[in-house]
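Chemist: Shown below is the structure under consideration.
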Amino acid sequence: MNCAEIRPQLGAFVDDELQSSLRDAVEAHVARCEACARALSRHRLLGDELRAHVPREQAPAALRDWARAAVRGEARAPAIAALPAPRRVRPAWGRGGWLAAGFALAACMAVAVGVTQQLASRDVLARELVAAHVRAAVTGHVSDVISTDQHTVKPWFNGRLDYSPPVADFADAGFPLEGGRLDYVNDRAVAVLVYRRNRHPIDVFVWPARRGAPRLAPAARDGYQIERRLVAGMECWAVSDLNATELRAFMERYAQHFAPGH
Amino acid sequence: MAGSTRERARSTSAHERTAPNGPPGLTPAEQSRFELEILVHLDVAYRVARRLLRDDHDAQDAVQDALLRAIRYFAGFRGANGRAWLLAIVRNTCRTRRRRDWLRMGVEFDESHHGDTDAVEPPERAAERSATGAAIERALADVAEPLREVIVLREVEGLSYKEIAAVINVPIGTVMSRLARARAQLERVLARAGEGVS
């Protein structure tokens, strides 16, 4: 066999998917053809690189939990990942010139608007948080664990998350603890503590802070206020339809309670 | 335009027909069989969906959709290969979603929806990964979809040609030729990115 016949077989040869007669032919050929031997080692290297560098992620715990519940017929149909936002629609290449043009336009707009990565990710996060808050209210699925007792709410997260959110009741300050739930935000399962001020529910989303995480100014969105604090090494984001002043007062109280020396 | 309208109608109704509604009923015996034969492949399903859709959130959504379908059609699962069976459903779900997203694009045009993966990935997460790994993953994301799926199934997940043929529903010969094209394209992309496999 000549090089032109051998080359298309190299991939299958590396994958050990050739019939033995063909395999022998390829083996014999690469033994004496340097160019094909080089092509063969390029094939091998590519495979090695892919296996070495493409991460083999595990499914997120929340997805796994949901899946187990679904098998038992216990999963709620609109599932954790069914966040209404963010919807990112991307063009598939080669579906026609107008799509390419649309994408080019989108790229130009992105540049023109000058959205920085941080601003964009803050907006996405703000949108996700508000969506999660609204969804909880709309579906009535506000709390997975309903308790005004911090010693019930805090342990409830054990085993459901790999961290423990700071929980305390602030009924004395007019912000009673109502419960907690798991939600899925910012590409991860997060703890949500549910407080209430008069008739206004307050969701506090908590996840471990990362070094180098952007410090983002709170942004109101669609009539909802957002307040962020770093508390005991945790990112804490409160979302509520409460007015900005009271929500800030709440978050100050919350942060102060867990401050060192308190 | 008539064609795309027709396609929209078809894809919408196809989606609605298969949309999850109501709890699917598996007997307790089926439940444990499902866990053992199908659910053990959840990680693979999640990874493949991620690489096909290039978006974590969409991928999780698609996996949930696919699992609900798998549960519903589990009675029809006779084969020995639960992984290939589940992946075929995941892959079809991903394709349906992409088609749907495409058709929506005209109505839901929003600049913030069109950023690439890098713009949306939290910076702290991107930094966690090695530079090479990130470059390779970017290159992989750049490979055209019909080629990307074969290379992901083969090189990342280690499926045999026969399994891949079952997942994407084409003859083995087609798997072989697509894989050859996929590798060639990936090498070109990597070389262009200056991260060529030397």
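The listed protein sequences derive, respectively, from chains P and R. 450 is the number of the first residue of the first sequence in our numbering; add one for each residue after it. 455 is the number of the first residue of the second sequence in our numbering; add one for each residue after it. Ideal Cβ placement from N, Cα and C applies to all residues, glycine included.
Decide if H511 of chain R is buried, meaning its Cβ has at least 16 other Cβ atoms within 10 Å, or exposed.
Modeler: Around the C-beta of H511 of chain R, 16 or more other C-beta atoms lie within 10 Å, and the residue is accordingly described as buried.
Chemist: How about V606 of chain R and V502 of chain R: are their beta carbons less than 9 Å apart?
Modeler: yes
Chemist: Within the chosen definition, does the region 621 to 639 of chain P reach the region 585 to 594 of chain P through at least 3 CB pairs nearer than 8 Å?
Modeler: yes
Chemist: Nearest CA to the CA of L459 of chain P: which residue from P:V475, P:Q674 and P:R500?
Modeler: P:V475
Chemist: Under a CB-based cut-off of 9 Å, is D636 of chain P close to chain R?
Modeler: Closer than 9 Å to the CB of D636 of chain P there is at least one CB belonging to chain R.
Chemist: For chain P, is any of its Cβ atoms less than 9 Å away from the one on E641 of chain R?
Modeler: yes
Chemist: Indicate whether at least one CB of chain R lies closer than 9 Å to the CB of R517 of chain P.
Modeler: yes
Chemist: What do you get for Y527 of chain R, buried or exposed, if any count of 16 or more other CB atoms within 10 angstroms of its CB means buried?
Modeler: exposed
Chemist: Rounded to whole angstroms, what is the Cα-Cα separation between L613 of chain R and E466 of chain P?
Modeler: 11 Å
Chemist: Closest to L489 of chain P by CA distance: which of P:D464, P:H649 and P:R584 is it?
Modeler: P:D464
Chemist: Counting only C-beta atoms, is I543 of chain R closer than 9 Å to chain P at any point?
Modeler: no
Chemist: Hey, how far is the Cα of M630 of chain R from the Cα of D514 of chain P?
Modeler: 37 Å
Chemist: Quick check on A581 of chain R: does DSSP put it in helix, strand or coil?
Modeler: Because A581 of chain R sits at a pLDDT of 47, beneath the cut-off of 50, its placement in the model cannot be relied upon, and the point is left open.
Chemist: DSSP state of N623 of chain R, grouped into three classes?
Modeler: coil
Chemist: Whose C-beta lies closer than 7 Å to the C-beta of E484 of chain R among residues of the same chain, with five residues either side of it excluded?
Modeler: F528
Chemist: Please classify V479 of chain P: is it buried, with 16 or more other beta-carbons within 10 angstroms of its beta-carbon, or exposed?
Modeler: buried
Chemist: Pull the bridge partners of L679 of chain P from the DSSP assignment, please.
Modeler: P:E684
Chemist: Relative to chain P, which residues along the region 612 to 625 of chain R have a C-beta separation below 9 Å, given in chain order?
Modeler: Hits within the stretch, in order: G612, S614, Y615 and K616.
Chemist: Are three or more beta carbon pairs between the region 643 to 657 of chain P and the region 685 to 693 of chain P nearer than 8 Å?
Modeler: yes
Chemist: Round the Cβ separation of A704 of chain P and E684 of chain P to the nearest angstrom and send it over; I've been treating them as touching at under 8 Å.
Modeler: That belief does not hold up - the Cβ atoms of A704 of chain P and E684 of chain P are roughly 12 Å apart, past 8 Å.
Chemist: Kindly list the residues whose CB is nearer than 6 Å to the CB of H706 of chain P, restricted to its own chain and excluding five residues on each side of it in sequence; keep chain order.
Modeler: A617
Chemist: Beta-carbon of V653 of chain P versus every beta-carbon of chain R: anything under 9 Å?
Modeler: no
Chemist: Answer yes or no: does any C-beta atom of chain R fall closer than 9 Å to that of G563 of chain P?
Modeler: At G563 of chain P, the pLDDT of 44 sits below 50, so the modelled position is not reliable; the number obtained from the coordinates is stated separately. False, the Cβ-Cβ gap to chain R never drops below 9 Å.
Chemist: Using beta-carbon positions only, say whether W539 of chain R and I492 of chain R come within less than 9 Å of one another.
Modeler: yes
Chemist: At a Cβ threshold of 9 Å, is R505 of chain P touching chain R?
Modeler: Output row for R505 of chain P: interface = yes.
Chemist: What is the C-beta distance between V621 of chain R and R545 of chain R, in whole angstroms, given that I count them as a contact (C-beta under 8 Å)?
Modeler: 6 Å
Chemist: Have a look at R632 of chain R and R456 of chain P and give me their C-alpha separation to the nearest angstrom.
Modeler: 14 Å
Chemist: Could you name the residues of the same chain whose beta carbon sits closer than 6 Å to that of Y500 of chain R, not counting the 5 residues immediately before and after it, in chain order?
Modeler: Once the five neighbours on either side are set aside, the close Cβ partners of Y500 of chain R are V517.
Chemist: Would DSSP call Q485 of chain R helix, strand or coil?
Modeler: In this structure, Q485 of chain R counts as helix in the three-state DSSP scheme.
Chemist: State the Cα-Cα distance for the pair A645 of chain R and W656 of chain P, rounded to the nearest angstrom.
Modeler: 39 Å
Chemist: Cβ of A520 of chain R within 9 Å of Cβ of I543 of chain R?
Modeler: The Cβ atoms of A520 of chain R and I543 of chain R sit closer than 9 Å to each other.
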